[in-house]
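Accompanying notes for the structure given below.
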Amino acid sequence: MDRLVLLVSTGVARGLVVALFALSLVIIWRAARIVNFAQAAMAVVAVYVAFAVQQATGSYVLALLAALVTGALLGVAVERGLMRHVAGRTPLPGMIVAIGLVMVLQSTLGILVGPQHRPMTPVLSQSPLYVGTVPVLSRYDLFVLVVALVVVVGLGLLFNRTTLGLQLRASAVAPEVSRLLGVRVPRMVTVGWMLSCAVAALAVLLLVPTELGLNAHSGDVLFVHAFTVAVLGGLDSPAGALVGGLVVGVLVSLVTGYASAGLAPLAVLALLTVVLLVRPGGIFATREARTA
Amino acid sequence: MTPTRIRTIVLRALLLTVLALAATFALDPFRNYQLAVVAATFCATAGLTLLVGLTGQLSVGHAVLMAAGGYGYALASAPAADAGLGGPARFALGMLGALVLSGAVGGLLGLAGARLRGPYLAGLTLALVIALPALATQVPGLGKDQGLSVPFEGVPAPLAGLMVVEQWHAWIAVLVAAVVVTPLVVLRSGRPGLRMRAVHGDEVAARLAGVSPARVKVGAFLVSSVAAGLGGAVLAVVTQNVGPGRYSLAFSLLLLVAVVVGGLGSIGGAAAGAALVVLLPWLVDTAVSGLPADVAQRLSGNLAVAVFGALLVAVTLAWPGGLAAATAGPRGRLARRLTRGPAPALPPPSDTRPDPQPITER
């Protein structure tokens with residue numbers, strides 16, 4: 009029973025990170041109708057910058073800020089430099105360009121920093137706290153939980169309660185009409201990319217201390233989990249990303265704890281397959297278009 | 007599709023095959039080994055170019071289908087070898103195993119893929135590639151990380167005086183590639199190819215014209231999987247081993263690079279792309295081997311991948327037809343530029359205008 013509580017609570021903390029990353033995928037999908045396969049690689053680049061800042065200054069807060077800013081700048085660069093120039097009415101060319109970007113970023117990182125994993129020490133202790141005699145979250149998990157919740161709530165407020173959020177949603181749903189009403193749609197798409205990449209960088213920064221260390225491929229598994237989550241919830245639904253993130257986080261934690269770590273990718277694959285076969289558009293998705 | 011056109015395609019395939027077989031005599035053993043790997047990769051890229059180029063289904067998991075073919079070959083041929091079977095019978099049994107296993111995996115994926123649109127299918131195949139090492143470790147009988155060994159195919163007695171084993175393997179690979187790719191060419195230029203293009207162009211219009219999108223998509227995925235699986239089987243024969251290490255995500259992405267750079271939908275482009283993704287990493291490794299060990303180690307795997315990634319981006323943005331469009335006879339852009347000076351400015355293609363809004367249900 010103690011074990012179950014520990015596994016579920018770490019699963020929730022991990023799940024919120026996955027949800028955060030999934031949310032970043034949802035933001036781009038809603039803004040530009042692109043699944044950004046390069047999201048993880050871009051976020052890892054931003055985290056390397058944050059790592060360098062932490063080494064140089066010793067301040068975690070500065071590192072956090074550096075990750076957010078680099079993520080946002082990368083988002084702008086990729087959107088303005090590449091994605092804007094992808095023509096066509098199908099999502100295929102955009103996906104292929106993103107995959108090419110992954111290859112360039114990961115191999116360049118590999119050349120610059122080498123293949124080794126760099127350990128990143130968390131700001132807070134990783135040993136679990138006790139409620140009575142039951143071990144639950146560590147201080148770091150608690151920190152992750154709080155940050156993730158703050159960001160999710162903040163994004164919710166931004167999208168639903170501000171003019172900028174209204175413009176973002178409007179240009180995603182009806183670009184032509186929004187343009188007629190004076191919304192600068194291309195700028196909104198860029199803002200969407202900025203927000204999304206900053207959030208993704210934050211998610212990877214929160215994740216790395218709990219894993220092996222920082223490496224060019226640190227974000228790969230997170231991306232697969234986050235994609236699973238985004239599909240579970242439907243790429244259109246922020247609430248779905250949150251719920252899906254918690255489900256996947258707890259599932260991975262339980263399978264790792266009770267069976268073996270090797271089975272976790274298979275469990276995620278099985279979950280993804282079942283959901284895609286039962287509800288191809290995701291559980292919370294509104295239908296994108298009529299097909300007949 | 008008239009019988010004459012089929013005959014033309016088959017004749018051309020025969021001619022190319024004979025040329026390739028003859029060329030093996032001019033190559034040293036290592037070049038022959040490389041030719042065999044290129045031919046095996048060509049099987050997979052030909053299937054993938056059909057799938058992505060004609061039906062628009064993006065699969066980043068074709069490495070898994072190649073692995074399925076390799077495992078199918080190993081699982082079917084090892085018992086045959088134990089039973090004392092050898093030569094063509096064992097090889098045929100192995101290929102049958104590869105066909106069945108890759109067909110089964112591809113059929114299942116295709117069934118899922120027929121219901122999914124672009125990003126969802128790509129994500130599912132991505133999850134599958136990432137899970138392959140776990141699958142190989144957890145499923146009993148797949149030999150964990152080391153994989154399975156594959157019975158050695160020696161040079162048959164009548165040819166023993168003529169060639170060494172690498173050349174024989176190149177022959178096997180070229181012949182299998184010919185048998186796999188020729189039907190793909192026939193499919194592509196015939197009615198099935200037309201149906202695939204129709205489904206890619208507009209599913210509703212295709213359905214109104216009496217074409218079932220689901221059936222076409224599943225069929226295309228199945229054909230492309232079997233082609234990849236047979237390629238994987240050849241690779242298993244040539245390397246005498248099949249394991250999860252070779253079929254990583256990076257390899258899967260290389261297959262995609264091959265078809266995009268070669269030109270989506272073009273079989274000739276798929277061949278050029280296969281040669282590119284096999285030979286360029288080797289060229290890069292040879293080029294950096296003179297550098298200090300530390301630098302060479304960092305550059306060896308990564309530099310080729312960086313070049314491929316940049317190629318993928320550049321070709322998609324600037325040159326969507328790939329190599330195939332550049333060399334497509336007098337109509338090719340490059341050829342036109344060379345023979346008649348710069349191409350006249352064309353009006354922008356209608357594709358670039360913004361999407362009409364989909365009808366959403368509220």
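Residue numbers (the working numbering), protein chains in the order written: chain U, 9 to 300; chain W, 7 to 368. From the three backbone atoms N, C-alpha and C, an ideal C-beta is built for every residue, glycine too.
On a CA-only basis, which of the options is nearest residue i? Give me that one, please.
i	options	result
U:Val276	W:Ala163, W:Ala133, W:Leu282 and W:Gly307	W:Ala133
W:Ser4	W:His68, W:Leu165, W:Thr61 and W:Ala19	Nothing can be reported for residue 4 of chain W, as the shown portion of chain W is limited to 7 through 368.
W:Leu102	W:Gly90, W:Ala310, W:Leu115 and W:Gly75	W:Gly75
U:Gln47	U:Thr98, U:Cys205 and U:Leu150	U:Cys205
U:Trp37	U:Val158, U:Leu214 and U:Gly242	U:Gly242
U:Phe151	U:Val20, U:Leu12, U:Leu31 and U:Met91	U:Val20
W:Leu305	U:Leu24, U:Gly66, U:Thr171 and U:Val121	U:Val121
W:Gly307	U:Ile119, U:Met103 and U:Val16	U:Ile119
W:Val290	W:Ala280, W:Ser272 and W:Val311	W:Val311
W:Gly53	W:Thr14, W:Phe314, W:Gly109 and W:Glu159	W:Gly109
U:Tyr148	U:Ala278, U:Arg287, U:Thr218 and U:Val86	U:Thr218
W:Ala29	W:Trp174, W:Thr47 and W:Val70	W:Trp174
W:Phe36	W:Leu297, W:Ala120, W:Trp288 and W:Gly90	W:Trp288
U:Asp244	W:Gln144, W:Arg197, W:Pro125 and W:Val111	W:Pro125
U:Ala54	U:Val155, U:Thr98, U:Arg88 and U:Leu214	U:Leu214
U:Arg88	U:Leu174, U:Met196, U:Ser261 and U:Thr98	U:Met196
U:Val105	U:Phe45, U:Leu72, U:Ala49 and U:Pro246	U:Phe45
U:His233	U:Ala224, U:Val142 and U:Gly252	U:Gly252
U:Val263	U:Met9, U:Asp10 and U:Leu15	U:Leu15
W:Arg194	W:Gly271, W:Pro219 and W:Gly119	W:Gly271
W:Gly315	U:Gln175, U:Asp10, U:Arg11 and U:Val112	U:Val112
W:Arg201	W:Val217, W:Val192 and W:Leu27	W:Val217
U:Leu172	U:Gly108, U:Ala39 and U:Ser17	U:Ala39
W:Pro164	W:Leu114, W:Val248, W:Leu127 and W:Gly93	W:Gly93
W:Gln63	W:Ala26, W:Leu318, W:Pro219 and W:Ala302	W:Pro219
U:Leu157	U:Arg287, U:Pro273 and U:Leu254	U:Leu254
W:Tyr77	W:Ala276, W:Lys150, W:Gly269 and W:Ala239	W:Ala239
U:Thr129	U:Ser67, U:Gly102, U:Ser261 and U:Arg192	U:Ser67
Tell me the DSSP bridge mates of residue i?
i	result
U:Pro127	Looking at the DSSP assignment, U:Pro127 forms no beta bridge with any residue, so it has no partner.
U:Pro136	U:Ser146
W:Asn247	W:Ser155
U:Leu222	U:Arg126
Counting along the chain, where does the alpha helix (DSSP H) carrying residue i start and finish?
i	result
W:Pro198	Arg197 to Gly207
U:Met91	From DSSP, U:Met91 is part of no alpha helix (DSSP H); its letter is neither H nor E.
W:Ser83	His68 to Asp88
U:Val52	Gln47 to Thr65
W:Val263	Leu255 to Gly268
U:Phe29	Asp10 to Ala40
W:Asn38	Pro35 to Thr55
W:Gln303	Ala299 to Ala324
U:Asp244	Premise fails: U:Asp244 is in no alpha helix (DSSP H) and is neither H nor E.
W:Gly216	Run containing W:Gly216: none; DSSP gives neither H nor E here.
U:Met103	Leu100 to Val121
W:Arg252	Unbroken run through W:Arg252: none, as it is neither H nor E.
W:Phe97	Gly93 to Ala120
U:Arg177	Thr171 to Val181
U:Leu210	Val193 to Leu215
W:Pro146	First-last for W:Pro146: undefined, no H or E at that position.
U:Ala267	That residue, U:Ala267, is in no alpha helix (DSSP H); it is neither H nor E in DSSP.
Output the boundary residues of the beta strand (DSSP E) element that contains residue i.
i	result
U:Ser146	Val142 to Ser146
Within the 8 Å Cβ cut-off, does residue i reach chain B?
i	result
W:Phe257	Protein chains in the displayed structure are U and W, and chain B is not among them.
Contact set between the region 86 to 112 of chain U and chain W, restricted to residues whose Cβ is under 8 Å from the partner: Leu90, His93, Val94, Ala95, Gly96, Arg97, Thr98, Pro99, Leu100, Pro101, Met103, Ile104, Val105, Ile107, Gly108, Leu109, Val110, Met111 and Val112
Contact between the region 227 to 246 of chain W and the region 71 to 82 of chain U (3+ Cβ pairs under 8 Å): no
Near-chain U residues of the region 73 to 89 of chain W - C-beta to any C-beta below 7 Å: none
Segment contact, 8 Å Cβ cut-off, at least three pairs: the region 18 to 29 of chain W with the region 144 to 159 of chain W: no
The region 261 to 273 of chain U / the region 56 to 72 of chain U touching (three or more Cβ pairs under 8 Å): no
Cβ contact (3+ pairs, closer than 8 Å) linking the region 237 to 252 of chain W and the region 168 to 178 of chain W: yes
Segment contact, 8 Å Cβ cut-off, at least three pairs: the region 280 to 288 of chain W with the region 255 to 271 of chain W: yes
Stretch pair the region 21 to 34 of chain U + the region 197 to 215 of chain U: three plus CB contacts closer than 8 Å: yes
Chain-ordered residues of the region 118 to 152 of chain U with a beta carbon less than 7 Å from chain W: Gly118, Ile119 and Gly122
Cβ contact check for the region 220 to 230 of chain W and the region 159 to 174 of chain W: 3 or more pairs under 8 Å: no
The region 205 to 233 of chain W: positions lying closer than 7 Å to chain U by Cβ: Glu209, Val210 and Arg213
Contact list for the region 162 to 195 of chain U against chain W, Cβ threshold 9 Å: Val181, Ala182, Pro183, Glu184 and Val185
Where the region 269 to 283 of chain U meets chain W: residues whose CB sits under 7 Å from a CB there: Gly270, Leu271, Pro273, Leu274, Val276, Leu277, Leu280 and Thr281
Chain-ordered residues of the region 258 to 290 of chain W with a beta carbon less than 7 Å from chain U: Leu259, Leu262 and Val266
Interface residues of the region 113 to 127 of chain W facing chain U [CB-CB below 7 Å]: Ala118, Arg121, Leu122, Gly124, Pro125 and Tyr126
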